[in-house]
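Engineer: In case it helps, the UniProt record's numbering puts the sequence shown at residues 1 to 337.
The beta carbon of each residue, even a glycine, is placed where N, CA and C say it ideally should be.
What you are looking at is a predicted structure, and each value in this text was computed from that prediction instead of being measured.
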Amino acid sequence: MGKIRLMDEPLSNKIAAGEVVERPTSVVKELVENAIDAGSNAVEVLLEEAGLTSIHIIDNGAGMDSEDALLSFSRHATSKIANEHDLFRIRTLGFRGEALASIASVSKVTLQTSDGSDGTFVHLEGGRMIESRPNALRQGTDIKIEQLFFNTPARLKYMKTLQTELGHTIDLMNRFALSYPSVAFKLVHDGKTILQTSGSGEIRRVLADIYGIAIAKKMIPFEGESQDYKISGYTSLPEITRANKNYISLFVNGRWVKHYAIATTVHRAYHTFLPLERQPITMLNIEGDPYLTDVNVHPAKQQIRLSKEKELMELIYQTIRQAISSAVRAPVIDEPK
Ligand code: ADP
Ligand code: MG
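#1: Is it buried or exposed for Q279, if we count other Cβ within 10 angstroms and need 16 for buried?
#2: I need the DSSP call for residue 367, collapsed to helix, strand or coil.
#3: What's the gap between the Cα of L148 and the Cα of P24?
#4: With the cut-off set at 8 angstroms, would you say Y247 and I286 are in Cβ contact?
#5: Spatial neighbours of S182 within its chain, please: CB distance less than 8 angstroms, with the 5 preceding and 5 following residues excluded, ordered by chain position.
#6: Taking the C-alpha atoms as reference points, what is the distance between S132 and M313?
#7: Below 8 angstroms between beta carbons: does that hold for M219 and T235?
#8: Report the rounded CA-to-CA distance for L178 versus G191, giving the unit in angstroms.
#9: Of the residues I90, E84, A77 and L11, which one's Cα is nearest the Cα of G254?
#10: Could you check the C-alpha separation between A263 and K245 for me, to the nearest Å?
#11: L137: which of G119, I145, P153 and E125 sits nearest, CA to CA?
#12: Between the C-alpha atoms of S226 and E309, what's the straight-line distance to the nearest angstrom?
#13: What is the residue span of the beta strand (DSSP E) that T92 lies within?
#14: Output the distance between the C-alpha atoms of V328 and A35, rounded to the nearest integer angstrom.
#15: Could you name the residues that DSSP lists as bridge partners for P134?
#16: Report the three-state DSSP secondary structure of I81 (helix, strand or coil).
#17: Any idea if E67 is buried or exposed, counting beta-carbon neighbours within 10 angstroms, 16 or more meaning buried?
#18: Between Y180 and the rest of its own chain, which residues show a CB-CB distance below 8 angstroms, the 5 nearest in sequence each way excluded?
#19: Any heavy atom of the ligand ADP closer than 7 angstroms to the Cβ of A104?
#20: Spell out a yes or no on whether the stretch 68–88 and the stretch 159–175 are touching, meaning 3 or more CB-CB pairs, one atom from each, closer than 8 angstroms.
#21: Regarding E33 and the ligand MG, is the C-beta to nearest heavy atom distance less than 7 angstroms?
#22: Within the present structure, is the beta-carbon of F80 separated from the nearest heavy atom of the ligand ADP by less than 7 angstroms?
#23: Measuring only the C-alpha atoms, how far is E277 from G212?
#24: Near residue 366, what residues of its chain come up, given a Cβ to Cβ distance below 8 angstroms and the 5 sequence neighbours on each side ignored?
#25: For V32 and I281, I'd like the C-alpha separation in whole angstroms.
#26: Relative to the C-alpha of M283, which candidate in I320, L274 and L315 has its C-alpha closest?
#27: Does the contact criterion of 3 or more C-beta pairs under 8 angstroms hold for the stretch 95–107 versus the stretch 71–79?
Quick look at the structure:
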């Protein structure tokens, strides 16, 4: 008899969780993405002890019927893509169908969801179903993750201070707020409200909620278009600077991404207006055919591979350069080749 056997699902999910669920922020990211994909326009995130004790997320999106509520915790269960063709046309934030399965395998989860007619309550511990029953709830989803990493002690030990973990989540929620100005976000930590946006749809208002009114007033709008890409956003007047690139927020088709070359191009567009070691505050939306943007690089979906990168860089450079130049009313000086 051979020695190879297939792992059972809780075990394989726990292994996958190693990549998807790095820290409390990863859980918040996946669950808020689900809320946005479900069409919510109000999302509340309540944390206890930076999320290590409890992460509670309430949305007013489409919700799930009872069949989906149970299926959603299976690995590779997704309503977002159906075939290989869809993989190259992703318009949702999720598509891998493994976040809920992974999160559930390393925590205790209570899900309450309703599509408006059919309401369900589900409780799982370490990926195993403990209880499921019909439940009355208004349309939307209420999911609570408790005791994250209770069954992966090594990961739990690796967590930094609560302040560091909370800092990551605040950073994340700020980016969601910028990318989705029409969604009202609320972040509460140990009973204290840390971020609250109105969902009015105005990016400048979100900039004020995050960076303060004085800075929001000094952000210049920009907009540009090339053959394959459309960009828009806000970038700070040269008098406002920061010590690092963390204040350059990049979004590709609504997804917050980290992309060193783009951030560098934004900085380069300031040319002589900014001291070399200082960075601007920028929010840059990039829109393009999903076919040009490969997000299937890493399970956390924050890295991206772009086609026609040169065209995009040129568009970003010229558009931001133009916006800053007119804002400070200086002639445009071409960068030496
Ligand atoms: P993915 O988002 O990649 O599809 P997830 O594991 O995050 O995978 O979620 C699995 C499925 O559960 C989703 O495809 C969606 O149908 C459903 N789901 C999860 N969260 C929500 C929510 N907040 N509202 C409605 N449906 C949800
Ligand atoms: Mg998801």
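Structural biologist: This is what the structure holds:
#1: Buried: at least 16 other Cβ atoms inside 10 Å.
#2: It is not possible to answer for residue 367, since the shown part of the chain is limited to 1 through 337.
#3: So the alpha carbons of these two residues sit roughly 7 angstroms apart.
#4: No. Outside cutoff.
#5: So the list reads N41, G199, S200 and G201, once near-sequence residues are dropped.
#6: Using only the alpha carbons, I get a separation of about 51 angstroms.
#7: For M219 and T235, yes; Cβs fall inside 8 angstroms.
#8: Cα to Cα, the separation comes out at about 23 angstroms.
#9: Considering only I90, E84, A77 and L11, the residue with the shortest C-alpha distance to G254 is I90.
#10: Rounded to whole angstroms, A263 to K245 spans 7 angstroms at the Cα level.
#11: Of G119, I145, P153 and E125, the residue nearest in Cα terms is G119.
#12: Rounded to whole angstroms, S226 to E309 spans 12 angstroms at the Cα level.
#13: Per DSSP, T92 belongs to no beta strand (DSSP E) and is neither H nor E.
#14: A direct Cα-Cα distance of roughly 40 angstroms separates V328 from A35.
#15: DSSP output for P134 lists T120 as bridge partner(s).
#16: Three-state result, I81: coil.
#17: Result: exposed.
#18: Cβ contact annotation for Y180 (same chain, cutoff 8 angstroms, sequence separation greater than five): I36 and G254, in chain order.
#19: Every heavy atom of the ligand ADP is 7 angstroms or more from the Cβ of A104, so no.
#20: Fewer than three pairs of CB atoms, one per stretch, sit closer than 8 angstroms, so the stretch 68–88 makes no contact with the stretch 159–175.
#21: Yes.
#22: The question names Phe, yet the displayed sequence has Lys at residue 80. Yes.
#23: Counting only the Cα atoms, G212 lies some 23 angstroms from E277.
#24: The chain is shown only over 1 to 337; residue 366 falls outside these bounds and no answer can be derived.
#25: Each residue's Cα considered, the two are about 24 angstroms apart.
#26: Nearest neighbour of M283 by Cα position, chosen from I320, L274 and L315, turns out to be I320.
#27: Three or more beta-carbon pairs drawn from the stretch 95–107 and the stretch 71–79 are found closer than 8 angstroms, and the two stretches are therefore classed as touching.
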